[in-house]
Ligand code: HEC
């Protein structure tokens with residue numbers, strides 16, 4: 111009983127007491143700026159004309175993200191509902207739909223099963239190499255140099271495009287910041303069906319065969335996990351995998367013999383910016399669910415149940431942001447973890463953990479940064495801040511001649527090669543960046559048979575002297591710091607080449623930086639890496655010369671008739687299938703340039 115009471119206090123009274131009043135939240139959290147006479151800030155009258163759903167998205171995934179960090183979901187919903195209008199969102203114009211609104215797979219009647227996906231979830235294979243075979247890529251080095259825009263699709267009302275598509279037999283499936291999952295024709299971008307999830311869908315979608323169709327499996331940013339039928343877009347089941355108010359399913363799921371493995375992370379780090387928040391109670395982990403009905407096989411947590419220690423709670427954190435990696439031969443699931451949020455520090459933070467696929471028990475773990483406790487309010491909370499060196503990217507399992515290696519890139523800026531047969535013993539390591547809270551290595555590396563390719567973020571804020579906390583210039587990015595791409599030989603960690611960052615930021619664009627936090631993709635001979643300045647570049651895997659460079663930060667006329675503009679590239683990376691390259695552009699978090707487009711490039 112006592113324990114329940116304390117947990118309730120820790121989670122915030124709003125969950126258990128009266129629902130927060132939207133008007134009160136506005137007065138306390140928004141009025142200071144939105145009732146001020148400042149030409150950069152829309153007046154409250156303008157907010158009253160916006161749809162409530164749009165305001166909520168602005169708080170969750172848009173320009174007000176930094177303001178909303180310390181607010182509970184209930185407070186965000188209350189203020190959005192108080193401020194905004196409530197008409198149903200406008201449906202896409204009829205011309206945006208394909209003539210045939212259902213997904214079809216070729217030859218199913220003869221072969222009885224649908225064809226293999228060409229890009230499925232985070233990486234074409236569950237080893238997370240992000241390597242696309244020549245057969246499925248369908249793109250030569252010469253072809254890369256002739257890539258041009260075939261179509262652009264805009265996510266209505268969004269300021270971020272952060273969900274990487276999955277592609278099966280000419281059908282493209284992708285989530286969005288507004289929570290709408292789209293099935294599009296991969297060649298033309300017309301819509302076949304849409305599905306509304308409860309929260310923003312950032313995880314890429316894993317397709318698992320189900321009779322003549324597929325189950326589409328993905329998580330959202332408020333802790334729900336879904337299974338849809340690929341042909342119709344109808345929900346098969348959904349399930350909340352974590353009850354914590356701040357839970358977030360960012361990493362993509364992977365599958366093994368009828369079980370789907372769901373990595374669980376959170377944004378509780380940011381709740382702790384407010385000094386009265388009882389930091390912290392979230393526990394990172396993995397949920398293993400039966401694909402046919404979502405029932406639980408096992409659930410593992412990276413830290414023990416938190417206890418109250420003074421005014422704080424701990425242990426907490428060690429979230430899993432990245433996609434787990436399957437090692438079928440050893441019966442292992444590898445996950446990479448983030449930092450702890452509050453004391454005590456645990457041995458499972460900033461680590462690579464090997465879990466038994468059948469039970470979720472930790473077989474071995476290898477920690478890279480000890481004692482890394484970090485939350486958005488280290489000083490407000492009186493916590494000693496760690497360096498915030500999470501792993502945001504997956505471990506990559508590669509086979510080289512006669513041995514297996516696990517490759518892991520950390521926000522510290524160091525790339526490691528581990529021996530999976532010797533409990534993760536370090537085989538080599540190499541520094542590629544300075545490291546920062548926004549990554550050294552941030553969202554993902556790629557590996558072909560020879561090299562691992564690591565892009566460097568090192569995103570940095572410009573130094574602006576200002577005593578006014580509402581001065582938004584203090585959040586502008588440094589246009590001269592960050593970026594770069596390294597090719598490292600897998601067998602011994604030798605640097606093969608590195609490409610210096612390109613400096614193309616126009617002076618008038620405050621959300622511009624050369625940082626390359628987005629995940630890398632490799633096809634034979636070509637490495638794709640996007641950057642916060644909006645450029646998607648293709649580099650030669652031989653020597654790092656740039657083969658193709660497209661600045662996505664501009665306006666587009668789109669196939670679905672919605673106003674589209676590009677911005678920063680952050681989060682996932684390029685998807686290469688059938689001679690086409692698919693790229694997300696727009697990322698308003700981390701003070702990047704907002705945007706709302708999925709772009710498709712082709713050679714013909
Ligand atoms: C520190 C000052 C500040 C606070 C506090 C603040 N805002 Fe804002 N808000 C701004 C500024 C500046 C902009 C314009 C940003 C831009 O256009 O890039 C803005 C824009 C917006 C927009 C428009 C986004 C769009 O699509 O054009 C909405 C909606 C919004 N704020 C809602 C809120 C709500 C709700 C709160 C309180 C929970 C809030 N803001 C608190 C400064 C603030």
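Residue numbers (our numbering): 111 to 714. No residue lacks a Cβ here, since even glycine has one placed at the ideal position from N, Cα and C. Please read all numbers here as calculations on a predicted model, not as lab measurements.
Consider the C-beta atom of residue 157 and the heavy atoms of the ligand HEC; say whether any pair is separated by less than 7 Å. Taking 7 Å as the cut-off, the C-beta of residue 157 counts as close to a heavy atom of the ligand HEC.
At a threshold of 7 Å, does residue 454 count as lining the ligand HEC (C-beta to nearest heavy atom)? Result no, Cβ not under 7 Å from the ligand HEC.
Curious, which full-length beta strand (DSSP E) runs of at least 3 residues does the region 295-376 contain? 301-306, 316-320, 323-329, 334-339, 345-350, 364-366 and 369-376, all fully within the region 295-376.
Tell me whether residue 494 is buried or exposed, calling it buried when 16 or more other Cβ atoms sit within 10 Å of its Cβ. So residue 494 counts as exposed.
For the ligand HEC, is there a heavy atom less than 7 Å away from the beta-carbon of residue 419? The nearest non-hydrogen atom of the ligand HEC is 7 Å or more from the C-beta of residue 419.
Below 6 Å CB to CB, which residues in the same chain sit around residue 387 once its five sequence neighbours on both sides are set aside? Closer than 6 Å at Cβ, skipping near neighbours: 381.
Between residue 445 and residue 465, is the Cβ-Cβ spacing less than 8 Å? Taking the C-beta atoms as reference points, residue 465 is found nearer than 8 Å to residue 445.
Helix or strand or just coil, what does DSSP make of residue 204? Helix at residue 204.
Taking the alpha-carbon positions, what's the residue 637 to residue 650 distance? Across the structure, residue 637 and residue 650 are spaced so that their CA atoms are roughly 6 Å apart.
Measuring only from the beta carbon, is residue 169 closer than 7 Å to any heavy atom that is part of the ligand HEC? Yes, the Cβ of residue 169 comes within 7 Å of a heavy atom of the ligand HEC.
Going along the chain, which unbroken runs of the beta strand (DSSP E) with 3 or more residues stay wholly within the region 259-288? Counting only runs of 3 or more, we get 276-278 and 281-284.
Considering only C-alpha positions, which residue in the set 590, 630 and 615 is nearest to residue 596? Distances from the CA of residue 596 to each of 590, 630 and 615 were compared; the closest alpha carbon is that of 630.
Range covered by the alpha helix (DSSP H) that runs through residue 171: Counting along the chain, the alpha helix (DSSP H) containing residue 171 begins and ends at 162-171.
Exposed or buried, which one is residue 312 when buried takes at least 16 other CB atoms within 10 Å? Counting every other CB atom within 10 Å of its CB across the protein chains shown gives residue 312 a total of 16 or more, marking it as buried.
What residue does the beta strand (DSSP E) around residue 397 start on, and which one ends it? Following the DSSP letters along the chain, one finds residue 397 inside the beta strand (DSSP E) bounded by residues 395-400.
DSSP beta-bridge partners for residue 561? Per DSSP, the beta-bridge partners of residue 561 are 599.
With a threshold of 7 Å (Cβ to nearest heavy atom), would residue 600 be considered close to the ligand HEC? Residue 600 Cβ: outside cutoff for every heavy atom of the ligand HEC.
Which residue comes first and which comes last in the alpha helix (DSSP H) that contains residue 137? Taken as a continuous stretch (DSSP letters only), the alpha helix (DSSP H) holding residue 137 covers 132-139.
Here's a check: name, in chain order, each residue in its chain whose Cβ is nearer than 6 Å to the Cβ of residue 704, leaving out the five neighbours to either side. Excluding five sequence positions before and after residue 704, the CB atoms of its chain that fall closer than 6 Å to its own CB belong to 269, 677, 696 and 698, given in chain order.
Quick check on this structure: which residue in 565, 661 and 667 has the alpha carbon closest to the alpha carbon of residue 625? When 565, 661 and 667 are compared, the shortest CA-CA separation from residue 625 is found for 565.
May I have the straight-line CA-CA distance separating residue 175 from residue 427, to the nearest angstrom? Going from the Cα of residue 175 to the Cα of residue 427 covers about 21 Å.
Collapsed DSSP secondary structure at residue 116 in the structure displayed: For residue 116, the predicted model reports a pLDDT of 32, less than 50, meaning its position is unreliable; a value from the coordinates is still stated below. Residue 116 falls in the helix class under three-state DSSP.
Is there at least one non-hydrogen atom of the ligand HEC closer than 7 Å to the beta-carbon of residue 189? Under cutoff, so the answer is yes.
Can you give me the C-alpha to C-alpha distance between residue 657 and residue 712, rounded to a whole angstrom? In this structure, the straight-line span from the alpha carbon of residue 657 to that of residue 712 is close to 15 Å.
From this set, 570, 709, 241 and 231, which residue's C-alpha is nearest residue 645's C-alpha? The shortest CA-to-CA distance from residue 645 to any of 570, 709, 241 and 231 is the one to 709.
The region 284-297 touching the region 247-257, judged by at least three CB pairs closer than 8 Å: Contact fails: fewer than three Cβ-Cβ distances are below 8 Å.
Ignore the nearest five residues each way along the sequence and tell me which others in residue 123's own chain have a CB closer than 6 Å to its CB. In this prediction, residue 123 has a pLDDT of 39, which is less than 50 and means its spatial position is unreliable; what the coordinates show is noted afterwards. Beyond the five residues adjoining it in sequence on each side, residue 123 comes within less than 6 Å, by CB distance, of no other residue in the same chain.
Below 7 Å, is the gap between the Cβ of residue 622 and the nearest heavy atom of the ligand HEC? Incorrect: residue 622 has no Cβ contact closer than 7 Å to the ligand HEC.
Are the beta-carbon atoms belonging to residue 303 and residue 669 less than 8 Å from one another? Cβ distance not < 8 Å, so residue 303 and residue 669 don't count as in contact.
Can you tell me which residues form a DSSP beta bridge with residue 514? Bridge partners of residue 514: 509.
Outcome for residue 114 when other beta-carbon atoms lying within 10 angstroms are tallied against a minimum of 16: For residue 114, the predicted model reports a pLDDT of 33, less than 50, meaning its position is unreliable; a value from the coordinates is still stated below. With fewer than 16 other Cβ atoms within 10 Å, it is exposed.
Among 599, 325, 404 and 331, which one has its Cα closest to the Cα of residue 341? Per the C-alpha coordinates, the member of 599, 325, 404 and 331 positioned closest to residue 341 is 325.
State yes or no: is the C-beta of residue 132 nearer than 7 Å to some heavy atom of the ligand HEC? Answer for residue 132: no, Cβ out of range of the ligand HEC.
For residue 660, which residues in the same chain have their Cβ closer than 6 Å to its Cβ, ignoring the five residues on either side in sequence? Cβ neighbours of residue 660 within its own chain (closer than 6 Å, five residues either side excluded): 646.
With distances taken between CB atoms, is the gap from residue 276 to residue 235 smaller than 8 Å? Contact annotation: residue 276 and residue 235 have beta-carbon atoms that are not nearer than 8 Å.
Within the continuous alpha helix (DSSP H) that includes residue 175, where are the two ends? It spans 175-178 - the alpha helix (DSSP H) in which residue 175 sits, taken as one unbroken run.
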